[in-house]
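Participant: Starting off with a structure, shown below.
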Amino acid sequence: MRKITIISLLVVALMLSGFAAVMAQDKVEFAFDSRTDRERAFRENLEEFEGQVKYNPLPGTSGKQLNYYTTRFAAGSSTPDIINMDIVWPTTFASANWLLDLSKYAEEGWKDKFLQGYVNALTVEGKLIGIPGTADALLFYYRKDLLDKYGFDHPPKTWYELIAQAKVILEGEDDPNLRGITFQGANIEGMLSNYLEFLWGLDGSILDEDGNVVINNEKGVKALQTMIDLYRKYGVADKSVVTTKTDDSRVIFQDGRAIFMINWTYAWGRLQGDESAVKGNVGISTPPAFPGHDPNVCLGGWQFAINANSNYPELAWDVVKELSSAESQKTHSLIRGDLPTNKAVYQDEEVVEANPWYKQALPILETGKSRPKSPAYPEVSSAIRNQLSAALAGNKTPQEALDAAAKALEDLPLYQ
């Protein structure tokens with residue numbers, strides 16, 4: 000009897016120790032933007048990690064999510080272990096040493112799987128502090144039907160060609176509601192992104208190779224003057240462009256009231272909807288540049304990173320590696336229509352069949368560049384936007400505005 004009791008106790012002890020082992024299993028917390036179907040896609044991606052991932056969908060605006068992460072990391076918290084972050088946040092986190100340097104985990108050649116612009120954006124002072132997730136970019140949209148009607152066999156490659164094409168079409172259509180181009184001219188983040196595409200189309204930059212602020216040089220001024228001239232000198236943009244926000248421009252173009260538009264990729268799906276007046280008549284390309292220069296698009300999107308204080312960095316890396324894989328990004332493309340950063344997904348027949356426009360999008364995204372890298376990015380953005388807005392409104396000349404922006408930037412940290 001006593002022998003049976005001892006055996007029973009041993010069995011119970013083994014069961015309890017096994018239960019404790021399960022309870023003590025490594026588990027990482029993954030925080031992300033709680034937009035529609037995002038959690039569903041992530042759960043499908045991570046089925047093999049069942050029981051090892053705690054999902055933490057964050058409601059609210061991106062600003063509120065940034066505050067949440069900042070508060071947690073500043074307190075030295077080990078969670079969330081993995082975050083999904085806006086492309087302009089990495090330098091803010093990295094400068095405070097809140098993100099794990101992933102260089103030691105990424106095997107040689109692994110970064111080559113991704114669009115180079117995202118690898119560049121996630122590399123801060125030689126450290127790889129994030130892994131590419133979803134892509135976004137400020138694309139150039141155009142009316143294929145109107146260009147065809149007036150004999151233009153390609154979208155404008157320069158701003159001067161855009162002005163010429165727009166004038167011909169506007170004169171021919173003789174429609175008081177039609178404008179040549181709409182873009183984000185209101186004092187919002189999109190306005191800075193628009194300006195950067197003008198600036199990059201001149202091989203201009205905010206900093207030179209030595210880290211000096213040069214936004215107020217000849218190229219910076221010419222880029223801003225051209226933005227202004229589109230409505231003030233040439234009349235191919237409406238004067239209301241100075242208060243036009245992101246979705247305002249989408250609605251204008253979708254209603255058939257513009258020939259050209261600069262906007263983010265979200266607009267594509269709306270433009271192909273049954274309620275769209277331009278369904279089936281829209282093309283995309285890189286934005287126009289200036290003669291002798293190549294165009295670049297401004298990148299957006301949401302990327303992955305690992306908390307430097309995570310208790311389970313190896314598990315977190317395995318999870319992030321899976322999230323960034325071609326198969327996982329394919330899932331997001333099919334469920335949500337998210338543009339991938341993993342280049343292999345653009346060759347997947349099932350993905351291309353569901354999203355034929357990806358064939359056009361890939362070469363555009365390959366020209367992508369990121370916004371300024373700064374641990375004080377909100378202040379950098381505001382310093383530039385406020386001055387761009389003053390110039391667009393006619394309250395300052397482009398030179399005066401950019402001189403003021405340059406002076407403000409001198410006191411803010413900026414990286415190449």
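Numbered by numbering that gives the first Met the number 0, the letters in the sequence shown go through residues 0 to 415 in order. Even for Gly, the Cβ is constructed at its ideal location relative to N, Cα and C.
My output table needs one value for Asn66: the three-state DSSP class, helix, strand or coil.
Facilitator: One-based indexing of the sequence shown puts residue 66 at position 67. In the structure shown, Asn66 sits in a helix (DSSP, three-state: H, G or I).
Participant: Quick one: what's got a C-beta closer than 6 Å to Glu43's C-beta in the same chain, skipping five residues either side?
Facilitator: Numbered from its first residue, the sequence shown carries residue 43 at position 44. Only Thr330 meet the Cβ criterion.
Participant: Evaluate Glu348 with the Cβ neighbour count: other Cβ atoms within 10 Å of its Cβ, from every protein chain shown; 16 or more gives buried, anything less gives exposed.
Facilitator: As a working note, residue 348 is residue 349 in the sequence shown. With fewer than 16 other Cβ atoms within 10 Å, it is exposed.
Participant: Give me the residue from Lys166, Ser332, Pro131, Asn354 with the minimum Cα distance to Ala236.
Facilitator: Taking the sequence shown and counting its residues from 1, one reaches residue 236 at position 237. The residue with the shortest Cα to Cα distance from Ala236 is Lys166.
Participant: Pull up the distance between the alpha-carbon of Ala407 and that of Ile214, whole angstroms please.
Facilitator: The sequence position of residue 407 within the sequence shown is 408, counting from 1. The sequence position of residue 214 within the sequence shown is 215, counting from 1. Whole-angstrom Cα-Cα distance: 11 Å.
Participant: Going by C-alpha distance, which of Val319, Asn341, Gly268, Ala95 is nearest Arg335?
Facilitator: One-based indexing of the sequence shown puts residue 335 at position 336. When each option's Cα is compared against that of Arg335, the closest is Gly268.
Participant: If I follow the unbroken beta strand (DSSP E) through Asn55, where does it start and stop?
Facilitator: One-based indexing of the sequence shown puts residue 55 at position 56. Residues 52 to 57.
Participant: By Cβ distance, which residues of its chain are closer than 6 Å to Gln64, with the 5 residues on each side in sequence left out?
Facilitator: Translated into the one-based positions of the sequence shown, residue 64 becomes position 65. Once the five neighbours on either side are set aside, the close Cβ partners of Gln64 are Leu57.
Participant: Apply the 10 Å Cβ neighbour rule to Gly300 and answer buried if 16 or more other Cβ atoms are within range, or exposed otherwise.
Facilitator: Translated into positions along the sequence shown, residue 300 becomes position 301. Buried, because 16 or more other Cβ atoms sit within 10 Å of the Cβ of Gly300.
Participant: Just mark Met22 as buried or exposed, buried being the case when its beta carbon has 16 or more other beta carbons within 10 Å.
Facilitator: The residue given as residue 22 occupies position 23 in the sequence shown. Caution applies to Met22, whose pLDDT of 43 falls short of 50 and renders its modelled position unreliable; the model cannot decide the point.
Participant: If you follow the alpha helix (DSSP H) that Asn193 is in, where does it begin and where does it stop?
Facilitator: Walking along the sequence shown from the start, residue 193 turns up at place 194. 188 to 199 is the span of the alpha helix (DSSP H), which, as asked, contains Asn193.
Participant: Here's the rule: buried if 16 or more other CB atoms are within 10 angstroms of the residue's CB, otherwise exposed. What is Glu326?
Facilitator: Translated into positions along the sequence shown, residue 326 becomes position 327. Flag for Glu326 reads exposed.
Participant: If contacts are defined as beta-carbon pairs under 8 Å, then Asn306 and Trp97 qualify, I think. What distance do you get, rounded to the angstrom?
Facilitator: Position 307 of the sequence shown, counting from 1, holds the residue named residue 306. Position 98 of the sequence shown, counting from 1, holds the residue named residue 97. About 7 Å separates the two Cβ atoms, so the contact holds.
Participant: If we ignore side chains and look at the alpha-carbon of each, how far apart do Pro371 and Phe72 end up?
Facilitator: Here the question's residue 371 lines up with position 372 in the sequence shown. Here the question's residue 72 lines up with position 73 in the sequence shown. C-alpha separation (whole angstroms): 22 Å.
Participant: Is it buried or exposed for Asn66, if we count other Cβ within 10 angstroms and need 16 for buried?
Facilitator: Start at 1 with the first residue of the sequence shown, and residue 66 comes out as number 67. By the 10 Å Cβ count, Asn66 comes out exposed.
Participant: Quick one: using the 10 Å Cβ neighbour count with 16 as the cut-off for buried, is Thr264 buried or exposed?
Facilitator: By one-based count along the sequence shown, residue 264 stands at place 265. Under this definition Thr264 is a buried residue.
Participant: At 3 residues or longer, and completely inside the region 243 to 331: list those beta strand (DSSP E) runs for me, N to C.
Facilitator: Within the region 243 to 331, the complete beta strand (DSSP E) runs of at least 3 residues are 257 to 263, 281 to 284, 301 to 305.
Participant: Let me check understanding here. Comparing Cα to Cα, which of Ile86, Thr69, Trp88 lies closest to Pro79?
Facilitator: By 1-based counting over the sequence shown, the position of residue 79 is 80. Measuring from the Cα of Pro79, the nearest candidate turns out to be Thr69.
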